[in-house]
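Participant: One structure is given below, represented as C-alpha cells, and several questions about it will come after.
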Amino acid sequence: MIFKEISADQLEHFQQKQPDRHFFTQGADYQRLAESNQTTSKILAVVEGESLLAYATFIYYPYKKFFYKVTTQFGPIMDYTNQDLVDFYFHHLKNYFKKNWRVLCVRVNPFLNERYFSDVDFIEDNPQANEVDKILQAEGYIKTDHDLFDDPTLATRCVFSKDLTGLTKDNLLKHVSQIARYTINRTIKEGVQVRPLNIYDEADCKILDAINQETSERIGFELRDAKYFKNLKNILKDDLILALAYIDCDYFLSQTKETIAKLKEERQDLEDKLALGKVNPKKTKNKIRELNENIGIWEKKIEKIQKLKEEEGNIVNLACASFIQSAEDFIYFSSGAFSKFTRFEGPYAILYRMLLEAIDKDFSYFNFYGTSSDFSEEGPDYGVLQFKRNFKGNIEWFMANYELRNALGKIVSW
C-alpha cells in the first residue's frame with residue numbers, strides 16, 4: 010500500500026471504476042471547485058496497484074491569514090472494516106501534515122455510520138465505529154462535538170436520507186406521509202409548475218438571487234447567490250440541477266376553465282338522462298350535487314388566481330432549490346422561498362419533481378443532506394427536519410469530526 014497525493018483526474022478515473030458511495034465533497038469535482046475558488050486543496054489516497062483503497066479531499070481553510078485548518082467533509086472514503094487500512098491511512102495522514110507547521114490542525118469526518126436510526130428513532134450503535142474511534146484516538150486524533158452548526162467549514166454530524174429501493178413513479182406517493190401526499194396533490198390542483206433555472210440566463214439569476222436573499226434575511230443564514238451557482242455549474246455541469254416552482258396564471262386559468270367545461274358537460278349529460286328516466290334518481294341527484302360542488306370549488310380557484318394575477322403579474326415565482334447528483338445520492342443541496350407565497354407550497358412541488366427524477370435515474374438515495382443532531386423542538390433546525398420527515402426517510406448519524414493538532418495548534422484557542 011502506498012500513501013500518496015493524487016489528482017482530481019486520477020480520482021475521477023478510480024471512482025468510475027469503483028463507484029463506491031460518497032457525497033460530492035469527496036468527488037473529483039470538489040477539488041476542481043476549490044481550485045476555481047483559488048483555495049488550496051489536496052486529495053490524499055492509499056493506492057495498491059490499480060486499486061484505490063482510501064481517499065479524502067482536504068481543503069486548506071485559512072486561519073489568522075498565515076495558518077491553516079485542513080479539513081475533509083464526510084471522509085475519508087474507505088472500507089472501515091479493514092482495520093489495517095484504517096490505521097495505515099490515519100497514521101500516514103498524520104505524518105504527511107507534520108511536514109507543514111503552518112497547518113495547525115487536520116480535521117477528519119469518517120464516512121461511517123456511528124448509529125443506526127429508523128426515522129429519528131435510535132435503533133443501535135455500529136460496533137465498527139467504535140473500533141475506528143479507538144484507532145483514531147491511538148493516533149492522537151481528538152473527537153470533537155462540533156459540526157456545521159458550530160463551524161461552517163465542518164460537515165454535519167447527521168443527514169436525513171430516503172432509500173429509493175423499490176420505489177417507482179407510480180408508488181412514490183404511497184411512501185411519503187399523508188401530509189406530504191395531500192400537499193403535493195394540492196400543488197398540482199393549485200397550478201404550481203416546476204421548471205429548470207438557467208444559471209447562465211440573467212433573468213433567471215435575478216429570480217434566484219431575489220428568492221435566496223429574502224430567505225436569508227428571514228432565517229438569519231446566508232444562502233448562496235447566482236455567482237456561486239454559476240461557478241458550481243461550470244464545474245459540476247449536468248450534476249447540478251437548479252429548479253424553480255412558479256404559477257403561470259394564464260395557463261392555470263385556461264386549464265381550469267377546461268376542467269369546469271368538462272364537469273358541466275358531465276352534469277348536463279346526467280341531467281338529460283335523469284329527465285328521461287334512464288338512471289337511478291337518487292344516485293344521479295347525488296352525483297349532480299357533487300359535480301356542482303366541484304364546479305364551485307374550481308370557480309373559486311379562478312377568482313383567486315385572477316386576483317393573484319392582478320396583484321403579482323402573470324408569472325408568480327414561489328421557490329427555488331439546488332440539487333447535486335453524487336454517485337448513489339441525489340442530494341437536496343439548498344432551497345429558498347418567498348414567504349408571502351408559502352400557501353402555494355412551492356418546495357413540495359419541487360421535491361416531488363426531483364424525487365421522480367431521482368427514481369427515473371436509478372439513484373439509491375434521495376439525500377435531504379445536513380440536519381442537526383438535536384432532534385428536539387429546541388433543535389436549531391427543528392422545523393426543517395419536520396419538513397424532511399414528511400417524505401419518510403431515516404437519520405444517518407455519522408462519526409464525529411476528529412481533530413489532530415500540531416504543537417502550535419495545541420496552544421492556540423479557537
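Just so we're aligned, residue 10 is where the sequence shown starts under my numbering, counting upward by one.
Even for Gly, the Cβ is constructed at its ideal location relative to N, Cα and C.
A quick note: this is a predicted structure, and the numbers were derived from the prediction, not measured.
Would you call the CB atoms of Q40 and A65 closer than 8 angstroms?
Facilitator: Not a contact, by the Cβ cut-off of 8 angstroms.
Participant: Taking C-alpha atoms, which residue in V95, D338 and E299 lies nearest to L279?
Facilitator: The shortest Cα separation from L279 among V95, D338 and E299 belongs to E299.
Participant: Looking at the structure shown, is S422 part of a helix, part of a strand, or coil, going by DSSP?
Facilitator: Note: S422 maps to coil in three-state DSSP.
Participant: By alpha-carbon positions, which one of R204, Y77, F400 and T268 ends up nearest to Q187?
Facilitator: With distances taken between Cα atoms, Q187 lies closest to F400.
Participant: Whole angstroms are fine: how far does the CA of E308 sit from the CA of Q264?
Facilitator: Approximately 12 angstroms between the Cα atoms of the pair.
Participant: For the 8 angstroms Cβ check, are there 3 or more pairs between the stretch 106-119 and the stretch 404-419?
Facilitator: Result yes; three or more Cβ-Cβ pairs closer than 8 angstroms.
Participant: Pair every Cβ in the stretch 375-385 with every Cβ in the stretch 86-100, then say whether three or more of these pairs are closer than 8 angstroms.
Facilitator: No contact exists between the stretch 375-385 and the stretch 86-100.
Participant: Drop a sphere of 10 angstroms on the beta-carbon of Y255, count the other beta-carbons inside from all chains shown, and report buried for 16 or more, exposed for fewer.
Facilitator: It is buried - the Cβ of Y255 has at least 16 other Cβ atoms within 10 Å.
Participant: N139: which of E148, Y391 and R124 sits nearest, CA to CA?
Facilitator: Nearest C-alpha to N139: R124.
Participant: Distance, Cα to Cα, D234 vs L42?
Facilitator: Each residue's alpha carbon lies about 16 angstroms from the other.
Participant: Please report the distance separating the alpha-carbon of D18 from that of Q82.
Facilitator: Whole-angstrom Cα-Cα distance: 20 angstroms.
Participant: Any idea what DSSP makes of N240, helix, strand or coil?
Facilitator: N240 falls in the helix class under three-state DSSP.
Participant: Roughly how many angstroms separate the alpha carbons of A189 and E320, rounded to a whole number?
Facilitator: About 29 angstroms.
Participant: Report yes if the CB atom of F33 is closer than 8 angstroms to the CB atom of I333, and no otherwise.
Facilitator: Their beta carbons are under 8 angstroms apart, which means F33 touches I333 by this criterion.
Participant: Name the residue from S225, L121 and D210 whose alpha carbon lies nearest to the alpha carbon of C167.
Facilitator: Among S225, L121 and D210, the Cα nearest to that of C167 belongs to L121.
Participant: Going by DSSP, what residue range makes up the alpha helix (DSSP H) through S45?
Facilitator: A37 to S45 is the extent of the alpha helix (DSSP H) around S45.
Participant: Apply the 10 Å Cβ neighbour rule to A147 and answer buried if 16 or more other Cβ atoms are within range, or exposed otherwise.
Facilitator: Exposed, since its Cβ has fewer than 16 Cβ neighbours within 10 Å.
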